[in-house]
Each structure stands twice: as structure tokens, then as C-alpha cells.
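Notes follow the structure.
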Amino acid sequence: MTSASQEKSVNVWDPLVRSGHWAMVAAFIVAYLSGEEESGGASQLHVWSGYAIGAIVAARVLWGFVAAGHARFGDFAFGPIAGILYLGELVRGRARRYIGHSPAGAVMVFALLLSLAGTVGTGLMANSGGDKQAAGNAGGGMVAQAVAEENEHGGSKKGGEGAESAIGDLHGVLANITLGLIILHVLGVGLASVAHRENLVLSMITGRKRPGAQS
Ligand code: HEM
286 MTSASQEKSV NVWDPLVRSG HWAMVAAFIV AYLSGEEESG GASQLHVWSG
336 YAIGAIVAAR VLWGFVAAGH ARFGDFAFGP IAGILYLGEL VRGRARRYIG
386 HSPAGAVMVF ALLLSLAGTV GTGLMANSGG DKQAAGNAGG GMVAQAVAEE
436 NEHGGSKKGG EGAESAIGDL HGVLANITLG LIILHVLGVG LASVAHRENL
486 VLSMITGRKR PGAQS
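Numbering (our numbering), first residue to last: 286 to 500.
Right under this line is the structure:
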């Protein structure tokens, strides 16, 4: 049975986009919170939640090229300038409503995917290159880790160790950049929801929005 509100709405986000989104949220929370390790390198939980994020990002990127509709990258191929201009309009309450991703939303989607891919990539490198300790300290323990390593090596690192540690440090920096982007992403979703008087979070759950390009 379809309700009246469902009849008046249109399908926007397919099941892969929605399940991928919420699985990514769960995996990121687990990976970030399990990033702090005291000894013995990254925990299994951290490593496997990182693999999960990598698999979801890879699937989403592939889907962006083959999917139809609003999930397709071509549907929201906006650049940073369009994104910034849109943000300005949004703040002034004059932004056009998009059924798919808005220009600002689109730029954030690409930034998040890139930042997540970079975090996972450096985590894989750190974990396989013998810098397991640094990989396990991505979630905010980076500074303490760097200090501990400085002490351990008497303030001077040999070439290989320094390079491995640098990858681990970069992994931590990227994890924190991703967290910053996520905070901006959630603020942006809230702002756009208020501006266009629609619940975008609910749309990412049900996949549906009210029709019409303009609010
Ligand atoms: C780990 C945290 C998060 C990550 C990595 C993330 C990532 C993403 C990505 C990649 C998309 C694009 C969807 C697609 O086209 O496949 C997206 C969209 C979206 N996300 Fe998130 N997200 C996160 C957290 C959240 C949270 C906590 C909320 C809710 C408060 C949220 C609400 C939304 C909404 C509503 C959209 C659709 C935006 C639109 O209508 O254009 N996200 N997110």
C-alpha cells in the first residue's frame, strides 16, 4: 500500500547509495574510535573497518560511472567555484533547490570520497610497511605517537623508519581532515534542509524527495 505522501514523492537515491552511505557512516565511526592503540599496532577492528570503508568507496566510485539517475557522477559534475557560489546563495536564502546533489553538496561528495580514499590508502601502506603502530594511532593519537617515536629514537629517525612514520602521520592527518569534512557535510545538510524545508536525512533513508526542481 502506498501512502499519499509517497505518491507525491519521487525516487532519488537508489538502495546502493543509501545502504553504502549508512554503512560508511558506521564504518567510519568504528575506524575512527578504534584508531587509538597503545601497543602492537592497529587493532583488527580498525583494520577491518578500514577495509570496509575502502570497499564502500570503491563501489561508490564504480557506481558513479555506471548508475543511472542522480547517483551518476555526470548528474552532479560541479566544480569548486559552482560549489562556493551555491553556498553563498544558500546562506543568503536564495539557493535553487536540486533534486539530486546541489553544487555545494556535489563538491563535498567528491572531497569526502577523495579524503576517505586517501585515508584508507595511507592506512594500508602504513599497515603493510611495518609502520603498524603509526597506522593504529590515526584517530587523534598522532601527536602522542610522534612524540613517543621521537623519544624512542633519541630525536633522530633513520631514513626508512622516518618515511614509514611519515605515512602513518599522514594517515592520521587525513583521518582528521575527513572528520572535519564530515562535520561540514552534516552542517551543510542541515542548512540545505532548513533552506528548502525538507528533511534530507530522511531522504537518505527512504530514497525519496518531493518533486519539483524549485522550492
Ligand atoms: C562518516 C560520516 C559520513 C560520510 C563519510 C558521508 C558521506 C556522504 C557521501 C559520500 C554522500 C553522497 C551520497 C552519494 O551520492 O553516494 C553523502 C550524502 C549525504 N549525507 Fe553523508 N556522510 C556522512 C555522515 C552523514 C551524517 C551523519 C548525515 C546525517 C546527519 C549525513 C547525511 C547525508 C545526506 C542527507 C546526504 C544527501 C545530501 C544531498 O541531498 O545532496 N551524512 N554523505
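Glycine included, C-beta positions come from ideal geometry on N, C-alpha and C.
Nearest to Ala311 by C-alpha distance, out of Ala448, Ile338, Gly368 and Val405, is Ile338. Between the segment 355-367 and the segment 381-398 there are three or more C-beta pairs closer than 8 Å, enough to call the two in contact. Taken in chain order, the complete alpha helix (DSSP H) segments of 4 or more residues contained in the segment 289-332 are 289-292 and 300-318.
If you draw a straight line from the Cα of Arg345 to the Cα of Ala480, it comes to about 28 Å. Under the three-state reduction of DSSP, Arg493 is assigned to strand. No heavy atom of the ligand HEM is found nearer than 8 Å to the CB of Trp333.
When distances are taken from the beta-carbon of Ser319 to the heavy atoms of the ligand HEM, even the shortest one reaches 8 Å or more. In this structure, the alpha-carbon of Trp298 lies about 10 Å from that of Ser304. Arg345 has its CB nearer than 8 Å to a heavy atom of the ligand HEM. Exclusion of the five residues before and after Ala367 leaves Pro388 as the residues of its chain whose Cβ lies within less than 6 Å of its Cβ.
Straight through space, the alpha carbons of Ser324 and His331 are spaced by roughly 14 Å. DSSP, reduced to helix, strand and coil, places Asn484 outside both helices and strands of the structure shown, so it counts as coil. One alpha carbon belongs to Val302, the other to Pro496, and they sit about 19 Å apart.
Pairing Gly408 with Ala343 gives a Cβ-Cβ distance that is not under 9 Å. DSSP places Gly378 in the coil class of the three-state scheme, outside both helix and strand. When DSSP states are grouped into helix, strand and coil, Tyr336 belongs to the helix group. With 16 or more other CB atoms across the displayed protein chains lying within 10 angstroms of its CB, Lys494 is buried. Residues Ala316, Val405 and Gly408 of the same chain have their beta carbon placed closer than 7 Å to that of Gly335, with the five preceding and five following residues left out of the count. In the three-state scheme derived from DSSP, where H, G and I count as helix and E and B as strand, Ala391 is classed as helix.
CA-to-CA, the gap between Gly320 and Ala460 works out to about 9 Å.
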